[in-house]
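Residue numbers (this note's numbering): 1170 to 1320.
We put the CB at the ideal spot given by N, CA and C, even for glycine.
All values reported here derive from a predicted model rather than from experimental measurement.
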Amino acid sequence: MNLINQINHDISEYQLNEFQNLISMLYQCCQDRMQFQSKVFSLPDAELRCLLFFKEEKYLTSKGISTRMNVAKSRITKIISGLENKELIKKIKDPEDSRIHLISLTATGKKKLEEILLFQRELHKTVLSQINSDDRKTMLTNLDLLKACME
């Protein structure tokens, strides 16, 4: 407890306020970017975020998506229905347990995901290009440190 108190005393009120403001502004920038992406791809934010889970996964379940999105399973049902209606995903029965439906991308869904990932890559490239090479290395190191501290 004394170490925590000592660390807290080394933080000025200005630093604390500045950190809180910057985190809040970064979060808002990310929210704004997601809203912009939603408009570009004509997908509600939740559907777009759901599609992005397939970047690393071939199959997902409703429960798995619900856990990742931190929303009720009933909300996931609506998101999945929306993606199915757009023919971006399909449900198949799990060969090991017929009570479970596996969700995967359709060919159209794979193409849409590739477009989204390319869009994100270009957007991030644009942001990074505004920072000189030395500052970029420092920023990435500091962001990695911030991520580790926040975990």
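Run of the alpha helix (DSSP H) containing residue i, from where it starts to where it stops
{"i": "Asp1313", "result": "Ser1302 to Met1319"}
{"i": "Leu1191", "result": "Glu1182 to Phe1210"}
{"i": "Glu1253", "result": "Lys1242 to Asn1254"}
{"i": "Asp1214", "result": "Asp1214 to Leu1221"}
CA-to-CA distance, residue j to residue i, given in whole angstroms
{"i": "Leu1274", "j": "Arg1218", "result": "14 Å"}
{"i": "Thr1230", "j": "Asp1304", "result": "42 Å"}
{"i": "Lys1260", "j": "His1270", "result": "6 Å"}
{"i": "Met1170", "j": "Asp1179", "result": "Residue placement at Met1170 is flagged as unreliable, the pLDDT there being 46, under the threshold of 50; a coordinate-derived value is accordingly withheld."}
{"i": "Leu1292", "j": "Ser1243", "result": "33 Å"}
{"i": "Glu1187", "j": "Asn1311", "result": "16 Å"}
{"i": "Gln1289", "j": "Ile1249", "result": "22 Å"}
{"i": "Gly1265", "j": "Glu1253", "result": "The sequence given here has Glu at residue 1265, not Gly. Answer to the nearest angstrom: the Cα atoms are 23 Å apart."}
{"i": "Tyr1183", "j": "Ser1235", "result": "39 Å"}
{"i": "Gln1200", "j": "Leu1212", "result": "15 Å"}
{"i": "Glu1320", "j": "Ile1192", "result": "15 Å"}
{"i": "Phe1210", "j": "Ser1302", "result": "32 Å"}
{"i": "Lys1262", "j": "Lys1280", "result": "23 Å"}
{"i": "Lys1232", "j": "Lys1224", "result": "18 Å"}
Beta-carbon gap between residue i and residue j smaller than 9 Å
{"i": "Thr1277", "j": "Lys1247", "result": "no"}
{"i": "Leu1327", "j": "Leu1221", "result": "The structure shown does not extend to residue 1327, since the chain is modelled only from 1170 through 1320, so no value can be given for it."}
{"i": "Gln1216", "j": "Gly1251", "result": "The amino acid at residue 1216 is misidentified as Gln; the sequence shows Glu. Taking 9 Å as the Cβ cut-off, Glu1216 and Gly1251 qualify as a contacting pair."}
Range covered by the beta strand (DSSP E) that runs through residue i
{"i": "Leu1274", "result": "Asp1266 to Leu1274"}
Per DSSP, the bridge partner or partners of residue i
{"i": "Asp1263", "result": "Asp1266"}
{"i": "Leu1229", "result": "Ile1272"}
{"i": "Ile1258", "result": "Leu1274"}
Heavy atom of the ligand PLP within 8 Å of residue i beta-carbon
{"i": "Lys1227", "result": "As for the ligand PLP, it is missing from this structure, which has no ligand bound."}
Exercise. Taking one C-beta from the region 1203-1217 and one from the region 1271-1291 each time, how about it: are there three or more such pairs within less than 8 Å?
Worked result: Using a Cβ-Cβ distance cut-off of 8 Å, the region 1203-1217 and the region 1271-1291 are in contact, since at least three pairs of beta carbons, one from each stretch, lie closer than that value.
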